[in-house]
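Undergrad: In my numbering, the protein residues as written are 96 to 365.
Glycine included, C-beta positions come from ideal geometry on N, C-alpha and C.
As the structure is a prediction and not an experimental result, all values here were calculated from the model.
Have a look at the structure that comes next, please.
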């Protein structure tokens with residue numbers, strides 16, 4: 096009987112020991128899994144940071160110029176403003192400056208509605224027409240399409256085709272915001288649509304490929320954003336000024352003609 100009780104106690108001790116060892120192993124496995132999970136989280140975070148850095152670096156590299164920098168002949172190198180009709184505007188006429196971003200849907204709407212009348216006034220010399228191109232929507236849409244479009248338009252200005260190329264960009268603005276423009280479009284398709292051919296096409300494509308107008312485009316964007324923000328607390332594009340002062344009269348002209356728009360501009364000029 097004593098032997099049986101002793102064996103029973105021994106069995107219970109062994110069972111208890113086995114249970115404790117099993118629990119210890121389970122706790123060890125749980126701790127190990129926790130450590131592994133933590134390492135996985137850290138690894139994912141590191142990969143995300145590396146990918147983010149690589150993307151930022153790739154974006155910076157994409158914007159690095161490889162050719163000698165140039166400024167369009169009809170542009171102000173200090174501000175980045177391009178004047179469409181500097182040589183044909185009549186003396187003393189009002190200066191209409193349009194702040195734009197080539198990815199801005201409202202800019203396209205303004206071009207579609209008011210562009211023909213604005214261009215008619217510029218062609219007749221009744222206004223001096225300027226464009227100040229910004230690229231802040233690249234940040235919003237996480238691409239560089241505004242910058243590349245601005246650079247391409249400046250390259251078109253180098254071969255005397257700014258207005259045609261400018262119009263072509265807006266005519267082909269993607270319906271979906273943020274889709275941007277491809278290099279194939281900017282380099283080839285838009286150039287053809289804007290009538291850039293022959294030797295001028297070769298020059299334009301070289302300017303684009305070497306990013307020769309990169310510094311000009313970046314300067315225009317920076318200076319334009321700074322100036323616009325000084326003129327308007329809630330600055331955004333499109334933004335019009337007449338002789339350097341904010342001009343909103345154009346928005347109230349529902350069916351603009353060259354005559355009605357000119358009267359509004361002259362009124363704003365004082």
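(1) Tell me, to the nearest whole angstrom, how far the beta carbon of residue 285 is from that of residue 308; I am working on the premise that it is less than 8 Å.
(2) Less than 9 Å between the beta carbons of residue 360 and residue 344, yes or no?
(3) Using only alpha-carbon positions, find the residue among 362, 197, 365 that is nearest to residue 276.
(4) In whole angstroms, what is the alpha-carbon distance linking residue 279 and residue 300?
(5) Kindly indicate which three-state DSSP category residue 193 falls into: helix, strand or coil?
(6) Quick one: give me the first and last residue of the alpha helix (DSSP H) that residue 236 is part of.
(7) Exposed or buried, which one is residue 270 when buried takes at least 16 other CB atoms within 10 Å?
(8) Residue 209 and residue 253 - do their beta-carbons sit closer together than 9 Å?
(9) Compute the beta-carbon to beta-carbon distance between residue 193 and residue 242, rounded to the nearest angstrom, for a pair I have assumed lies under 8 Å.
(10) What alpha helix (DSSP H) runs, 4 residues minimum, are completely inside the stretch 252-311?
(11) Quick one, which of 304, 199, 319, 283 has its alpha-carbon nearest residue 39's?
(12) So residue 229 and residue 213 are supposed to be a Cβ contact under 8 Å. How far apart are they, rounded?
(13) With a threshold of 6 Å on Cβ separation, who are the neighbours of residue 128 within its own chain once the five nearest residues in sequence on each side are excluded?
(14) Should residue 363 go down as buried or exposed, given a rule of 16 or more other Cβ atoms within 10 Å for buried?
(15) Measure the C-alpha to C-alpha separation of residue 349 and residue 336 and round it to an integer number of angstroms.
(16) Label residue 323 either buried or exposed according to how many other C-beta atoms from any shown protein chain fall within 10 Å of its C-beta, with 16 as the threshold for buried.
(17) Quick one: what does DSSP say residue 360 is sitting in, helix, strand or coil?
(18) Figure out for me which residue from 255, 327, 317 has the closest Cα to the Cα of residue 178.
(19) Do residue 220 and residue 259 have their beta-carbon atoms positioned less than 9 Å apart in this structure?
(20) Pull up the distance between the alpha-carbon of residue 306 and that of residue 332, whole angstroms please.
(21) Which class does residue 313 belong to by DSSP, given the choice of helix, strand or coil?
(22) Which residues bound the alpha helix (DSSP H) around residue 209?
TA: With the structure as the only source:
(1) At roughly 15 Å, the Cβ-Cβ gap does not stay under 8 Å, so residue 285 and residue 308 are not in contact.
(2) Going by C-beta atoms, residue 360 is nearer than 9 Å to residue 344.
(3) 197
(4) 11 Å
(5) It is a strand residue.
(6) 232-236
(7) exposed
(8) No; because the gap between Cβ atoms is not below 9 Å, this pair is not in contact.
(9) That pair is no contact at about 18 Å.
(10) 257-266, 285-288, 293-304
(11) As displayed, the chain neither begins before 96 nor continues past 365, which places residue 39 out of reach and without an answer.
(12) With a Cβ gap of about 18 Å, residue 229 and residue 213 do not count as contacting.
(13) Because the pLDDT of residue 128 is 46, which lies under 50, any placement of that residue in the model is unreliable, and the number read from its coordinates should be weighed accordingly. There are no such residues.
(14) Buried, because 16 or more other Cβ atoms sit within 10 Å of the Cβ of residue 363.
(15) 19 Å
(16) buried
(17) helix
(18) Nearest C-alpha to residue 178 among 255, 327, 317: 255.
(19) no
(20) 25 Å
(21) Helix, per DSSP.
(22) 200-219
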